[in-house]
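Visitor: The structure follows.
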Amino acid sequence: MTTPSTPAVNALDILRDRGFLYQNTNEEGMRQRLSGGPATFYVGFDPTGNSLHVGHLLPVMAMRWLQHCGHKPIALVGGGTAMIGDPSGKTEARPIMSVDIIDDNARAIQGQLGRFLDFAPGKATMVNNADWLRDLRLIDFLRDIGSLFSVPRMLSAESVRMRLETGISFLEFSYPLLQSFDFYYLCKERQCQFQFGGQDQWGNIVAGVELTRRLLGQEVFGATFPLLLKSDGTKFGKTAGGAVWLDTARTSVFDYYQFWRNVDDADVTKLLGFFTTLPMDEVRRLGSLSAPAINRAKEILGYEATALAHGHDEAIKAFLAAAREFGFADPDGQIETSSRIREADCTSASEDIPTVEISAADLTAGLGILALLVKAGLCASNSDARRLIKGGGCYLDDDRVGDEKLVISPEHFHAGIVTLRAGKKARKRIKLV
RNA sequence: GGUAGGGUACCGAAGUGGUCAACCGGGGCAGACUGUAAAUCUGCUAGCUAUGCUUUCAGUGGUUCGAAUCCACUCCCUACCA
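In structure tokens:
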């Protein structure tokens, strides 16, 4: 993580310049407060899974910038509210989760956030709203908090209106009260004056700002991040096997790098701004590269994003492994960049394509191509592998496999290694041991 | 509690006794063209020891030579009424 060197720029200007800001309860007020010394802010995370994926990263990067500017992040896991399920942006109620699972998930998420934020004492903190929400007493809550919410107003919220047709229970309807209470509580107990969240959180955030003002007589601020879509309007962050995870057990570093390497041309500038820490003038320059040179910008995006999540060394390995397979976009370093990707030695010969080992005994037993595809994790089932071969998408090194009954033999290996490909991009190195 | 309408593959949505592993759209995968891009065109999209077999249309049981389709009960959702 870069060392926060005395930043003279207002955090808000950085966020705005890089495209992080969408809606804001009071931008001027927020700017003034942020330039008036360290401030505390919070962002909520939903502990319904045990790993973050790239769809969660936008708020994380924003938090990183704010921390970089000297402000203090609170990452709130909604252990209490997850027991309810936020109706925002959902067409139906979500399954309610058990406390144990939520706690496990919260731990895993904090571990991942730690790669982006500094959780050292006095720096970022992690809180679980279950700690205060489960102690609420119904009568007190209804009287003190419930009395401040107007039902007609709540009903007019977009998130509620879209559920009016399909149904919404009182449980979910109450969600904004609890999230608002979080903000109030964090302001009172921890002097937290800012809440950030996704676009779909706007209603909840505004409600929290108002509740806090009414209960504490203090102005607090809220802002939302834009909804990240690809240039073709589809959801960002999903790919072949679903989401792109930060957990290397679910998405390998190589695949993580490849995800960024393969984004649309049109999204490069935007993504460099969000998911790297390169200066914006460089971002704009790289993003406007044309024709094949744009590929260098994608390599840089891939390296930078991967380095943040998995470290410099891993990112370089992924970059080299991929570039060796597909070609280097700028082998001679013609395109100027401040990215540490420059340090990569394009002539070294490490082998970091994900590798699967098979034993000589497997071969002797008669290993078929279908079984190998499944074993390598390139196909979900034998039928899937059959389809791949029928469609002409399976290669052993550079030879297309046309026979689904092909039996793998030692002749397929060169120096004990053969590259198995499923389509152009998915590939595994098969190593004979 | 009453009445009515629903629950189909990753999502949306047809199908209302056989020709249904189930139209179509989205998504995804693969092929061609490319720049590991986009757009476009084409094919595929339950599993298997595979010209056949097995498991799928909320659940359980039943009718039938035969059911996603008919019947009974159960669970869940929605609307109106109370």
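Take the first sequence: its letter number 88 is residue 688 in this note's numbering, and every next letter is one higher. Where a beta carbon is used, it is the ideal one built from N, C-alpha and C, also for glycine.
1. Going by beta carbon distance, what residues of the same chain come within less than 7 Å of R861, once the five residues before and after it are set aside?
2. Among G722, L713 and R940, which has the Cα closest to the Cα of L657?
3. Using 8 Å for Cβ pairs, my map puts S926 next to M630. What's the rounded Cβ distance?
4. Once you ignore the five residues that flank L634 on each side, which residues in its own chain have a CB closer than 6 Å to its CB?
5. With I674 and T640 assumed to form a contact (beta carbons below 8 Å), what rounded beta-carbon distance in angstroms separates them?
6. Exposed or buried, which one is G803 when buried takes at least 16 other CB atoms within 10 Å?
7. Measure the CB-CB distance between V956 and K1028 and report whether it falls below 7 Å.
8. I need the boundaries of the alpha helix (DSSP H) containing E1011, first residue and last residue.
9. Based on the DSSP output, what are the partners of K672 in its beta bridges?
10. Do P590 and V643 have their C-beta atoms within less than 7 Å of each other?
11. If distances are taken between C-alpha atoms only, which option among D703, G1023 and L973 comes closest to E1004?
12. Taking its Cβ as the centre, do 16 or more other Cβ atoms sit within 10 Å of T947, making it buried, or is it exposed?
13. Is E914 buried or exposed, if buried means 16 or more other CB atoms sit within 10 Å of its CB?
14. For A965, does the three-state DSSP call read helix, strand or coil?
15. Under DSSP, the alpha helix (DSSP H) around Y995 begins and ends at which residues?
16. Name the residue from I805, Q858, D735 and Q793 whose alpha carbon lies nearest to the alpha carbon of Q818.
17. Tell me the rounded alpha-carbon separation between S890 and D984.
18. What does V956 pair with, by DSSP beta-bridge criteria?
19. What is the C-beta distance between T937 and E1011, in whole angstroms, given that I count them as a contact (C-beta under 8 Å)?
20. Output needed for K788: all residues of its chain with C-beta closer than 7 Å, excluding positions within five of it in sequence on either side, in chain order.
21. In the DSSP assignment, find the beta strand (DSSP E) that holds C792 and state where it starts and stops.
22. Going by DSSP, name the residue or residues bridged to A708.
23. With the cut-off set at 7 Å, would you say F796 and A757 are in Cβ contact?
Guide: Let me lay it out:
1. K898, E899, G902 and A922
2. L713
3. Per the sequence shown, the amino acid found at residue 926 is Phe instead of Ser. About 44 Å; that fails the 8 Å criterion.
4. Around L634: N610, A611 and L612.
5. 6 Å
6. buried
7. yes
8. For E1011, there is no enclosing alpha helix (DSSP H), as DSSP marks it with neither H nor E.
9. Its beta-bridge partners are T640.
10. The requested residue 590 does not occur in the structure, where the chain is confined to residues 601 to 1033.
11. L973
12. exposed
13. Classification of E914: buried, given that the 10 Å Cβ count is 16 or more.
14. coil
15. Segment C994 to L996 is the beta strand (DSSP E) holding Y995; no alpha helix (DSSP H) there.
16. Q793
17. 38 Å
18. I1030
19. Incorrect: roughly 44 Å between the Cβ atoms, too far for contact.
20. L816
21. C792 to G798
22. A708 is not bridged to any residue.
23. no
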